[in-house]
Amino acid sequence: MKTPQLLNYARDQWVPGEASSLSEIASAIDGAPVATTGSGGLDFDAMLRHAREVGGPALRRMTFHERARMIKGLGLAILAQKEGLYELNYLTGATRKDGWIDIEGGAGTMLSFSSKGRRELPDAHVLLDGQVEPLSKSGSFIGQHIYTPLQGAAVHINAFNFPVWGMLEKLAPTLLAGMPAIVKPASATAYLCEAAVRVMVESGLLPEGALQLIVGGVGDLFDHLGGQDVVSFTGSASTALKLRSHPVVQRESVKFVAEQDSLNASLLGPDAAPGTPEFDLFVKEVVNEMTVKAGQKCTAIRRAMAPAEYLDAVEAAIRDRLAATKVGDPRDKESRMGALVSLSQREDVRAQIGKLTASGARIVAGNPDATPGVSGGAFMEPILLRTDDPWGTSAVHDVEAFGPVSTVMPYKNMADAIALANRGMGSLALSFFTYSPEAAREFIQGAAAYHGRMLVLNRDNAAESTGHGSPLPVLVHGGPGRAGGSEEMGGVRGVKHYMQRTAIQSTPAMIAAISEQYVPGGPKHFLEAHPFRKRMSELHIGDTLKTPSRTVTIADIEHFAEFTGDKFYAHMDEEAAKASPIFEGRVAHGYLILSFAAGLFVDPDPGPVLANTGLENLRFLTPLYPGDSMRVELTVRSKSLKSEDTGVVRWAVEIFNQKDELVATYDLLTENVP
Ligand code: NDP
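Residue numbers for the sequence shown follow our numbering, so the first one is 44 and each next one is one higher.
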């Protein structure tokens, strides 16, 4: 049977690479050919222009919420086709459990970003950054930072180890931001990525030009990059250096996001002696990180550190657990660890182990030259190394063997533990196993600057923990120095990598128009009919209800104090209130003001406003004294759809006294009929 050829997806067409550019991809299980792949003949400049001129404008016409719903649809499409993807996953050497992280973890990342987008981003085209900055006395001149999508293409260059997740963790924030992407998977596992792209393209959800795929080299693509493009790279430090030093990247200030290999550490706390739950959890996690995906994980534990007096026990416990790990065909349910991605990757891992032993580490479990599993496959035994002189064995902190390899080493005291953890010169993930809050505080405060994500694990959170190695869509993934110096994901933080922040200076009316939201001082449209009688679609930004005013009396304050039990001196003791540096006498409770405000603006009958779901940004600005009066202006600040049949309206609530001074402001959130 002829080996299938992978196709590129360029300018909304599936295109084969020229025959002269093709290379063969072998199965990790037995070396049999899986596919040929190549990108020769593609017009990379035209692909970039297609992304910028067709994909970008189409995505930018959509609101954040429309893009969020599209991303959810793409994630669901992947889930619906997951069994076909699992079949290809085995050929990469990965077990079903490994594939779950890649395929369902990837789709889950899309769903998570979709949900974050609908909850934390507006149903608009512009994202506000922070509050209005007052820049003038009368308020006619203000500043507001905004984010808008970059107008170039996002070039995603991915590693071989997670061909689906690695693509989707970059694609979700990119599309949510409103940028089109050109994805280049690593060749070794490009067939799985190509299949996932096919699912997304065939879903019909993507606008034209939003997604393109290169299954081969990137040719002269870098020569055509510009200052609105972003390169987001995952892979080796050497390729990252080469690409970020490209003269066009330098000249055009192309944004460059890099995730590189790093020497992640895990530490057994000084309190976690053999026999404690934390000791057992540590051993389990080190073995897990060595064997999941055959250790080909950017976050895998390469350096396992323990108090010197526990090191023998740690080594013995890890060895015992590794001995029970069955290495073999990933399709076989008995196999706990599959193969490395390729024979050349196995050669690379063996060479790196050679550097570790040459530096002084010794192998205490596994034989790097053993060939378990299926004949012709890229299988190897997990290898545990040990050094008793971690400061004299520099390779253990510098050389990453990207496979089932880890080194145990001792630390003397907390200062030594912190220094050794930081000796990796920057990592993606670190875990610390302790039940001591003091140890956790000292360690994390001493080491956090060198690590992107830190997990403190113990008996209380182990059952629900997602583990050392799992990057999560809502938390940042990335790290300083050796780890690449960048961040990905982290919820909305990750979306902002694909947007430009701009400081806008103008009048409140202009800022409101630009941002598609009401801002304080912006234009209001006073309504005759009560806004609670209107469906969300009938409400407009700036629509305002102006209530009558009511006087707040001393009897109201005393009644409220009796009724609620809040008898704070400022409300009940005239002398004490006068003596305070803040008040001139007794004042109304803040909560009384809020309650009276609701009494003034609420329309009681059932209608399109279904529920009050919360208050945000509450500030009390001017005290309200007995005899003062108060009135409310309730203004539609922004609107968003939560689901088909519920919407969320954010109302700006401004409470004024009889002198039109602002007493309090807050945002009220209501759930509405769309
Ligand atoms: P590489 O850096 O060789 O490749 C990473 C990606 O870059 C692949 O898509 C590769 O494509 C592409 N690439 C390579 N050269 C160029 C170039 N000149 N221009 C454009 N793209 C290029 O890393 P590998 O995937 O081969 O893995 C090697 C090492 O990287 C591992 O041993 C490990 O240390 C590290 N790694 C780190 C990961 C992380 O998440 N931090 C994940 C995986 C690996 P192609 O495959 O077609 O060459």
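The beta carbon of each residue, even a glycine, is placed where N, CA and C say it ideally should be.
Please go through the same chain and pick out, in chain order, the residues whose beta-carbon is closer than 6 Å to the beta-carbon of residue i, but skip the five residues on each side of it.
i	result
residue 254	224
residue 74	419
residue 778	Within the shown structure, residues of the chain are numbered from 44 to 717, placing residue 778 beyond reach of any answer.
residue 287	299
residue 620	613, 626, 628, 629
residue 264	87
residue 30	Coverage of the chain is limited to positions 44 through 717, which leaves residue 30 absent and any answer about it impossible.
Between which two residues does the beta strand (DSSP E) holding residue i run?
i	result
residue 57	56-59
residue 76	76-80
residue 632	Where residue 632 is concerned, there is no enclosing beta strand (DSSP E), given that its DSSP letter is neither H nor E.
residue 51	50-53
residue 442	That residue, residue 442, is in no beta strand (DSSP E); it is neither H nor E in DSSP.
residue 562	It is not in any beta strand (DSSP E) - residue 562 carries neither H nor E in the DSSP assignment.
residue 406	405-408
Name, in chain order, the residues that DSSP records as bridge partners for residue i.
i	result
residue 655	713
residue 263	The partner list for residue 263 (beta bridge, DSSP) is empty, contrary to what the question assumes.
residue 472	496
residue 684	690
residue 186	176, 548
residue 448	426
residue 348	310, 452
residue 586	568
residue 663	707
residue 380	370
residue 198	225, 274
residue 248	DSSP lists no partner for residue 248.
residue 675	698
Taking the alpha helix (DSSP H) that residue i belongs to, which residues open and close that run?
i	result
residue 142	139-142
residue 434	Element bounds for residue 434: n/a, residue is neither H nor E.
residue 554	551-558
residue 604	597-607
residue 234	233-245
residue 288	Element bounds for residue 288: n/a, residue is neither H nor E.
residue 109	107-123
residue 277	Note, residue 277: premise wrong, no alpha helix (DSSP H); beta strand (DSSP E) at 273-278.
residue 614	612-615
residue 339	Taken as a continuous stretch (DSSP letters only), residue 339 belongs to no alpha helix (DSSP H), as it is neither H nor E.
residue 220	208-220
residue 205	Taken as a continuous stretch (DSSP letters only), residue 205 belongs to no alpha helix (DSSP H), as it is neither H nor E.
residue 146	Neither: residue 146 is in no alpha helix (DSSP H) and is coded neither H nor E.
Cβ of residue i within 8 Å of Cβ of residue j?
i	j	result
residue 64	residue 81	yes
residue 163	residue 495	no
residue 357	residue 446	no
residue 68	residue 233	yes
residue 696	residue 709	yes
residue 279	residue 314	no
residue 399	residue 442	yes
residue 675	residue 643	yes
residue 715	residue 649	no
residue 243	residue 94	no
residue 206	residue 249	no
residue 355	residue 416	no
residue 413	residue 389	no
residue 531	residue 213	yes
Can you list, in chain order, the residues of its chain with a C-beta nearer than 7 Å to that of residue i? Leave out the 5 residues immediately preceding and following it.
i	result
residue 326	357, 360, 361, 364
residue 256	51, 52, 226, 237, 240
residue 460	310, 348, 454, 486
residue 173	188
residue 266	291
residue 337	136, 380, 381, 382, 383, 446, 447
residue 183	550
residue 477	312, 314, 315, 321, 483, 499, 501
residue 636	667, 673, 698, 706, 707
Report all residues from its chain with a CB closer than 8 Å to the CB of residue i; omit the five preceding and five following residues, and keep chain order.
i	result
residue 79	46, 47, 48, 49, 65, 66, 67, 68
Sufficient close CB pairs (3 or more, under 8 Å) joining the segment 469-486 to the segment 372-383:
Taking a contact to require three or more Cβ pairs closer than 8 Å, the segment 469-486 and the segment 372-383 do not qualify as touching.
For the segment 459-469 against the segment 336-356, are there 3 or more C-beta pairs whose distance is under 8 Å?
With a cut-off of 8 Å, the segment 336-356 and the segment 459-469 count as touching, because enough Cβ pairs lie within range.
Quick check: the segment 150-163 against the segment 177-196, are at least 3 beta-carbon pairs closer than 8 Å?
Note that the segment 177-196 does not touch the segment 150-163; fewer than 3 beta-carbon pairs, one per stretch, sit closer than 8 Å.
Can you find at least 3 beta carbon pairs, one from the segment 581-600 and one from the segment 559-570, that sit closer than 8 Å?
Under the 8 Å Cβ criterion, the segment 581-600 counts as touching the segment 559-570, having at least three qualifying pairs.
Is the segment 509-519 in contact with the segment 138-157, if contact means three or more CB pairs nearer than 8 Å?
By the C-beta criterion, the segment 509-519 is judged to be in contact with the segment 138-157, since at least 3 inter-stretch pairs fall below 8 Å.
Quick one: any contact between the segment 86-97 and the segment 111-125, if contact means 3 or more CB pairs under 8 Å?
No, they do not touch.
Does the segment 291-302 touch the segment 317-326, meaning 3 or more C-beta pairs lie closer than 8 Å?
As far as the Cβ criterion goes, the segment 317-326 does not touch the segment 291-302, which means the pair count is below three.
Counting pairs of Cβ atoms below 8 Å between the segment 211-222 and the segment 536-543, do you hit three or more?
Yes, the segment 211-222 is in contact with the segment 536-543.
Inter-stretch contact (C-beta, 8 Å, three-pair minimum) for the segment 403-411 and the segment 427-443
The segment 403-411 is in contact with the segment 427-443.
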